[in-house]
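Read the structure below first, then the notes.
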Amino acid sequence: MSDTTELLRFATAGSVDDGKSTLIGRLLYDTKSLFDDQWDAVETVSRARGDEYTDLALLTDGLRAEREQGITIDVAYRYFATPRRKFIIADTPGHIQYTRNMVTGASTADLALILVDARKGLVEQSRRHAFLCSLLRVPHLVLCVNKMDLVDYSQEVFDRIAAEFTAFATKLDIPDLTIIPISALEGDNVVSRSPRMAWYEGTSLLHHLENVHIASDRNLVDVRFPVQYVIRPHSNSNHDYRGYAGQVASGVMKPGDEVMVLPSGFTTTIASIETADGPVAEAFPPMSVTVRLTDELDVSRGDLICRPNNRPEVAQDVEAMICWMDEKQPLQRGRKYAIAHTTRSARTMVKELHYRLDVNTLHRDEGADSLTLNEIGRVRLRTTLPLLCDEYRRNRATGGFIIIDEATNRTVGAGIVVEAA
Amino acid sequence: MTSPDYRVSHLDALESESVFIFREVVATCARPVLLFSGGKDSIVMLHLAAKAFAPAPIPFPVLHVDTGHNFPEVLDFRDAYVSRLGVELLVASVEEGINSGLVTEPPDGVRNRIQTPVLLDAVEKYRFDALFGGARRDEEKARAKERVFSFRDEFGQWDPKNQRPELWSLYNGRTHPGESIRVFPLSNWTELDIWNYIAAQRVELPSIYFAHSREVVERDGMLYGVNEFIRLRDDETSETRTVRYRTVGDASCTAAVPSEAATIAEVIAEVAATRVTERGATRGDDRVSEAAMEDRKREGYF
Numbered sequence: 001m002s003d004t005t006e007l008l009r010f011a012t013a014g015s016v017d018d019g020k021s022t023l024i025g026r027l028l029y030d031t032k033s034l035f036d037d038q039w040d041a042v043e044t045v046s047r048a049r050g051d052e053y054t055d056l057a058l059l060t061d062g063l064r065a066e067r068e069q070g071i072t073i074d075v076a077y078r079y080f081a082t083p084r085r086k087f088i089i090a091d092t093p094g095h096i097q098y099t100r101n102m103v104t105g106a107s108t109a110d111l112a113l114i115l116v117d118a119r120k121g122l123v124e125q126s127r128r129h130a131f132l133c134s135l136l137r138v139p140h141l142v143l144c145v146n147k148m149d150l151v152d153y154s155q156e157v158f159d160r161i162a163a164e165f166t167a168f169a170t171k172l173d174i175p176d177l178t179i180i181p182i183s184a185l186e187g188d189n190v191v192s193r194s195p196r197m198a199w200y201e202g203t204s205l206l207h208h209l210e211n212v213h214i215a216s217d218r219n220l221v222d223v224r225f226p227v228q229y230v231i232r233p234h235s236n237s238n239h240d241y242r243g244y245a246g247q248v249a250s251g252v253m254k255p256g257d258e259v260m261v262l263p264s265g266f267t268t269t270i271a272s273i274e275t276a277d278g279p280v281a282e283a284f285p286p287m288s289v290t291v292r293l294t295d296e297l298d299v300s301r302g303d304l305i306c307r308p309n310n311r312p313e314v315a316q317d318v319e320a321m322i323c324w325m326d327e328k329q330p331l332q333r334g335r336k337y338a339i340a341h342t343t344r345s346a347r348t349m350v351k352e353l354h355y356r357l358d359v360n361t362l363h364r365d366e367g368a369d370s371l372t373l374n375e376i377g378r379v380r381l382r383t384t385l386p387l388l389c390d391e392y393r394r395n396r397a398t399g400g401f402i403i404i405d406e407a408t409n410r411t412v413g414a415g416i417v418v419e420a421a
Numbered sequence: 001m002t003s004p005d006y007r008v009s010h011l012d013a014l015e016s017e018s019v020f021i022f023r024e025v026v027a028t029c030a031r032p033v034l035l036f037s038g039g040k041d042s043i044v045m046l047h048l049a050a051k052a053f054a055p056a057p058i059p060f061p062v063l064h065v066d067t068g069h070n071f072p073e074v075l076d077f078r079d080a081y082v083s084r085l086g087v088e089l090l091v092a093s094v095e096e097g098i099n100s101g102l103v104t105e106p107p108d109g110v111r112n113r114i115q116t117p118v119l120l121d122a123v124e125k126y127r128f129d130a131l132f133g134g135a136r137r138d139e140e141k142a143r144a145k146e147r148v149f150s151f152r153d154e155f156g157q158w159d160p161k162n163q164r165p166e167l168w169s170l171y172n173g174r175t176h177p178g179e180s181i182r183v184f185p186l187s188n189w190t191e192l193d194i195w196n197y198i199a200a201q202r203v204e205l206p207s208i209y210f211a212h213s214r215e216v217v218e219r220d221g222m223l224y225g226v227n228e229f230i231r232l233r234d235d236e237t238s239e240t241r242t243v244r245y246r247t248v249g250d251a252s253c254t255a256a257v258p259s260e261a262a263t264i265a266e267v268i269a270e271v272a273a274t275r276v277t278e279r280g281a282t283r284g285d286d287r288v289s290e291a292a293m294e295d296r297k298r299e300g301y302f
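These protein sequence lines map, in sequence, to chains A and B.
Per the UniProt record's numbering, the first sequence starts with residue 1, numbered consecutively.
Per the UniProt record's numbering, the second sequence starts with residue 1, numbered consecutively.
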């Protein structure tokens, strides 16, 4: 690994029997990211349970309840690396809490990997996975048609599934789709191209993961710098120092740029952009930096620095899609919550619930009066303070928010801005 | 960090994420503290904290839960490091906890598990609402499912089935009085990332991380340094070997590994080639059961 190794985050989704754990186990094993003691522990538990083969799911199912019940409860994070890239896998379970976990994993993913069993073809869940990936704007989608060994590596089977999925995907907004025939168990097309599927002209899964172009997925156009924290050293040597710390959400910032601070609307210029290692000539996502401005303005956490001619919406009325994540209380019209968006917090009221979306059929139920756990719906929110936001489809960092129950402090919902006014 | 096509290396991306996490906690929580063991992960954490708030000093204290079973090299390092950074050091002593009756010395003398009540006692005393810990998700399977902001109830307990969903970089650190958040800025780092970062940033470490000559005894397949906490049993013999420590914990349950790696570059080469996880190779405490770490975490362990 070198200084130029890139980071790629991907989310995996699949149902219990489609071989997802086997695939992850193989990626870890073949890239030497799985250690002997981890392997031994899995073998020991498998043998003790009387499994016929070593159950690689045990690698990712770490909690006692998961092992006892043979289910996966929560998103598990796994890590592996090749000389080209370091990978973070958000491995989401296929059944319990499915939507909540998938939305969580997809929110930060550069790529999503969906598995289907070649013998079964697309199932309801595959369509649901694809829909959620498109809703969360995951830039790259990979469909792995797994268990090709069980259909005699048949091109016909693969072509049929690929055509069906492609037809479905065109109805969604999926920027980049790749379909790969694999056998996770046998290793075909996982790390290297398989001679048993000479008819397949694409690359292996790992080759794709290593080479898919992600640098341009970031929004480098719209400068958005949510102020996270104000650094004021209060020391004699830095008496007048005032720096605005934060992570660049999008765009490229340079010293000398004319900028506007929202919501106040004052304009000034960037005096310098600093890090602990010294000043930098440019800042872009996902850099954490400290911005210093030429003029002394009253800027605090929750404000946002942008360009005067390219600003986010400053809105108290927001149209959004919400995924509800709380099992205790449903989302209801008229209820008030806390909302966290970029580095800004406010209170919000659900003014309208326009419809609930059936994630399997995409049918809109306009008669719905609540959203319960794992349900998705379109709402209109009114906030106590203006949000400085963009449409999520244009900017994932300034278009996403979470809803928090003010009494319990639980994160009860995730939302994406569809339209702000 | 800059390059013509705006690429960011994975280490820079990890650093940036960790810096963001530190700033987020300080901006939203009332009384944060950093749990410092003198191990490499807590040293890297402190290094990142210093970077997050420069040129201002680190705006929170450091807490060492001291089992009384220390490597002297590590204590010396701790004191020199915190004094150089100008950060306040608080010590919660397990020894004092035993003397005051807060905890009872286990028959085997291993104080790992009784650290938890001592830690929780300090949290209550100082009313900390956010505790930075150096745990990484690649370390252990129960940790693989833990959030970056991990909620603890008023008993300090972790409930793995009831975790707050964590989306984008929106972290929910809200607590009621008495509750707290454990925050893990190194969640997405691996052991190799830590070492590559130590090399890139020239982070200083205690000497026991590098190959040295030490009197050791082989016990349960692991090499323990012979010291005042690990004494030879009747049927055991010690030998002098060239070893280093891969992790630094309680001196009574942390083992060394045979190693000739005397420099950071040699350690990186060794870590890259190793076939055993660091906890598996060095921690007697994780060998108790399949879910040893999960059980300790539920009780409020680091």
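In this text, a Cβ means the ideal position worked out from N, Cα and C, and glycines have one as well.
Interface partners of residue i on chain E, CB under 7 angstroms
i, result
"A/Ile231", "Given the protein chain composition of this structure (A and B), no chain E is represented."
Which residues DSSP lists as bridging residue i, in chain order
i, result
"A/Thr275", "A/Gly278"
"A/Gly121", "Looking at the DSSP assignment, A/Gly121 forms no beta bridge with any residue, so it has no partner."
"B/Ala130", "B/Pro32 and B/Ile181"
"B/Val62", "B/Leu34 and B/Leu89"
"A/Ile180", "A/Cys144"
"A/Ile231", "A/Gly243"
"B/Arg244", "B/Val257"
"A/Arg193", "Paired residues: none, contrary to the question."
"residue 358 of chain B", "The question about residue 358 of chain B has no answer here: the residues shown for chain B are numbered 1 through 302."
"A/Ile322", "A/Gly377 and A/Gly415"
"residue 435 of chain A", "For residue 435 of chain A there is no data in the structure shown, the boundaries of chain A being 1 and 421."
Of the residues the options, the one placed nearest residue i, counting alpha carbons only
i, options, result
"A/Ile88", "B/Leu131, B/Asp121, B/Ser100 and B/Arg137", "B/Arg137"
"A/Val103", "A/Leu388, A/Arg344, A/Lys351 and A/Trp324", "A/Trp324"
"A/Thr342", "A/Ala249, A/Thr31, A/Met321 and A/Pro83", "A/Ala249"
"B/Leu14", "B/Val183, B/Gly178, B/Ala80 and B/Ile194", "B/Ile194"
"A/Gly400", "A/Ala106, A/Pro83 and A/Tyr200", "A/Ala106"
"A/Arg127", "A/Phe165, A/Ile179, A/Arg364 and A/Asp91", "A/Phe165"
"B/Glu146", "B/Ser187, B/Glu88 and B/Pro55", "B/Ser187"
"A/Ile404", "B/Arg246, B/Phe77, B/Leu167 and B/Thr263", "B/Leu167"
"B/Val62", "B/Arg214, B/Arg231, B/Ser42 and B/Phe53", "B/Ser42"
"A/Met349", "A/Ala320, A/Ala283 and A/Thr384", "A/Thr384"
"B/Pro177", "B/Ala144, B/Val91, B/Arg127 and B/Phe53", "B/Arg127"
"A/Tyr241", "A/Ala11, A/Val75, A/Asp217 and A/Glu296", "A/Glu296"
Assigned secondary structure, residue i (DSSP; H/G/I helix, E/B strand, else coil)
i, result
"A/Leu34", "coil"
"A/Ala169", "helix"
"A/Phe401", "strand"
"A/Ser250", "strand"
"B/Trp189", "coil"
"A/Ile214", "coil"
"A/Leu132", "helix"
"A/Glu6", "strand"
"A/Met1", "Its pLDDT being 41, under 50, A/Met1 is placed unreliably by the model, and the measurement read from it follows with that caveat. Residue state, collapsed to three classes: coil."
"B/Tyr209", "helix"
"A/Lys336", "strand"
"A/Asp317", "strand"
"A/Met260", "strand"
"B/Glu166", "coil"
"B/Leu223", "strand"
"B/Phe151", "strand"
Residues near residue i in its chain [Cβ-Cβ closer than 7 angstroms; skip 5 each side]
i, result
"B/Thr2", "For B/Thr2, the pLDDT reaches just 45, beneath the cut-off of 50, and the residue's location in the model is therefore unreliable, although a value from the coordinates is still provided. Excluding sequence neighbours, B/Thr2 sits near nothing in its chain."
"A/Lys147", "Gly19, Asp117, Ala118, Arg119 and Ser183"
"B/Val271", "Glu191, Leu192 and Trp195"
Residues near residue i in its chain [Cβ-Cβ closer than 6 angstroms; skip 5 each side]
i, result
"B/Leu119", "Val65"
"A/Ser2", "The pLDDT assigned to A/Ser2 is 47, lower than 50, so where the model puts this residue is not dependable, and the model offers no usable value."
"B/Asp129", "Cys29, Ala30, Arg31, Thr175 and Ser180"
"B/Trp189", "Leu14 and Arg136"
Chain-order list of residues whose beta-carbon lies under 8 angstroms from that of residue i (same chain, five-residue window excluded)
i, result
"A/Cys214", "As written in the sequence, residue 214 of chain A is Ile, which differs from the Cys given in the question. Cβ neighbours of A/Ile214 beyond the five flanking positions: Glu6, Leu8, Asp110, Leu111, Pro139 and His140."
"A/Asp369", "Gln332, Arg333 and Leu353"
"A/Pro308", "Glu258, Val259, Met260 and Thr267"
"B/Ser93", "Asp66, Gly68 and Val118"
Next on the checklist: Please give the ranges of any beta strand (DSSP E) in the segment 77 to 114 of chain A, keeping only runs that are unbroken, at least 3 residues long and fully inside the region.
Outcome noted: 85 to 91
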